């Protein structure tokens with residue numbers, strides 16, 4: 156078999172180029188610190204690297220979601236603290252207005268501050284987040300959730316809750332519906348509410364109330380009667396069917412008990428005065444505060460008119476306590492969610508470290524092995540170059 160000079164030269168060049176390619180690949184590995192530069196280097200490892208890299212990107216997104224959730228929940232908690240402060244201030248004003256030393260004029264001045272607190276409460280309920288969305292509007296986050304309609308307030312949002320994904324199987328609610336926070340508050344003591352009849356002329360005032368597990372939900376009427384001036388005042392409690400469920404002599408400061416309900420009364424009821432005891436209904440905070448202002452603005456100075464205010468303020472205190480309890484419940488839930496977010500962020504961080512370690516074990520370069528290989532490939536390249544130089548002098552033309 157004969158080899159031409161061109162073939163000999165071509166083989167030499169090919170050998171040099173092959174060694175240069177190997178040397179260049181090793182140099183790139185040393186420069187990047189990675190063993191697998193292309194899928195052809197290690198197909199199995201390349202697939203694993205792609206999977207782990209995708210998982211790392213997903214964990215990074217979960218971490219960003221967690222940080223966003225922390226910010227939104229922290230904002231909601233701050234707003235709820237301010238709402239609680241507004242309600243607590245109104246409660247203090249109600250206690251102040253219910254004092255016997257107050258006059259109609261001072262009660263009207265208190266009503267002015269209560270009205271200002273209503274505006275403050277509405278502003279808090281319409282709080283926007285950093286993105287400009289209303290945090291208590293549910294899914295209708297672009298629309299103002301609470302608007303004033305005459306003497307009342309309307310909720311324009313919905314019951315939706317925004318969730319963020321914190322893990323492959325973990326979500327957290329980052330907002331609460333404004334309806335649940337501000338509009339759906341049980342009236343009275345949470346089981347029933349007490350309302351004096353508009354025609355009462357006495358000074359009876361309903362005080363603290365409670366309901367046991369034996370309470371039978373119904374609409375009840377407590378009627379007072381006194382046949383003659385020197386006769387004792389008696390009471391009678393009837394249900395919605397006019398059936399008598401309790402009766403007895405009335406003593407100021409005592410409680411009237413019936414079918415699991417207990418209501419304290421004070422003052423002197425007039426003959427024919429009555430109170431309605433109805434099942435608690437849902438009422439918004441704004442209506443509670445507006446009713447307080449209305450009663451204080453319309454207060455009079457006669458004993459019967461003062462009793463009307465006292466009854467209204469007594470019921471207002473129970474309504475405010477229900478609202479405060481609801482705000483505290485939502486705050487507690489927000490706190491639980493904040494703790495959950497923090498724990499999940501820690502879990503994600505640990506998982507991220509594990510993935511990074513696994514990825515490092517697959518794709519990182521063994522520098523000792525790579526440097527040894529580099530030196531060997533460099534020697535091979537130099538040998539190929541020297542062999543090529545030798546072959547250049549083997550042509551027969553050199554001897555002619």
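Residue numbers (the numbering used here): 156 to 555.
Note that CB positions come from ideal geometry on N, CA and C, so glycine has one too.
The model shown is predicted, which means the values in this text are computed figures rather than measured ones.
Range covered by the alpha helix (DSSP H) that runs through residue i
i	result
residue 474	458 to 518
residue 288	Here residue 288 belongs to no alpha helix (DSSP H), and DSSP marks it neither H nor E.
residue 447	440 to 452
Three-state class that DSSP yields for residue i in the structure shown
i	result
residue 412	strand
residue 376	strand
residue 360	strand
residue 299	coil
residue 219	helix
residue 419	strand
residue 198	helix
residue 340	strand
residue 322	strand
residue 317	coil
CB of residue i within 8 Å of CB of residue j, strictly
i	j	result
residue 230	residue 290	yes
residue 341	residue 435	yes
residue 321	residue 200	no
residue 421	residue 463	no
residue 349	residue 332	no
residue 249	residue 472	yes
residue 493	residue 228	yes
residue 272	residue 245	yes
residue 423	residue 407	yes
residue 432	residue 448	no
residue 297	residue 311	no
residue 210	residue 279	no
residue 518	residue 204	yes
residue 441	residue 277	yes
residue 483	residue 266	no
residue 486	residue 275	no
residue 214	residue 507	yes
residue 388	residue 405	yes
residue 375	residue 337	no
Start and end residues, beta strand (DSSP E) containing residue i
i	result
residue 328	325 to 328
residue 263	Segment 259 to 280 is the alpha helix (DSSP H) holding residue 263; no beta strand (DSSP E) there.
residue 349	347 to 351
residue 310	307 to 310
residue 431	429 to 434
With 16 other Cβ atoms within 10 Å as the buried cut-off, status of residue i
i	result
residue 562	Past the edges of the chain, shown from 156 to 555, lies residue 562, and the structure says nothing about it.
residue 318	exposed
residue 202	exposed
residue 428	buried
residue 385	exposed
residue 309	exposed
residue 358	buried
residue 409	exposed
residue 439	buried
residue 366	buried
residue 573	One cannot answer for residue 573 here, as it falls past the ends of the chain, which runs 156 to 555.
Residues sharing a beta bridge with residue i, DSSP
i	result
residue 369	Bridge partners of residue 369: none, in fact.
residue 235	Paired residues: none, contrary to the question.
residue 213	Answer by DSSP bridge pairing: none, since residue 213 is not bridged.
residue 390	379, 403
residue 304	307
residue 283	289
Cutoff 8 Å: residue i Cβ touching any chain D Cβ
i	result
residue 375	Looking at the structure shown, chain D is missing, and only one protein chain is on hand.
The ligand FAD heavy atom lying under 7 Å from the CB of residue i
i	result
residue 486	With respect to the ligand FAD, the structure offers nothing, as it holds no ligand at all.
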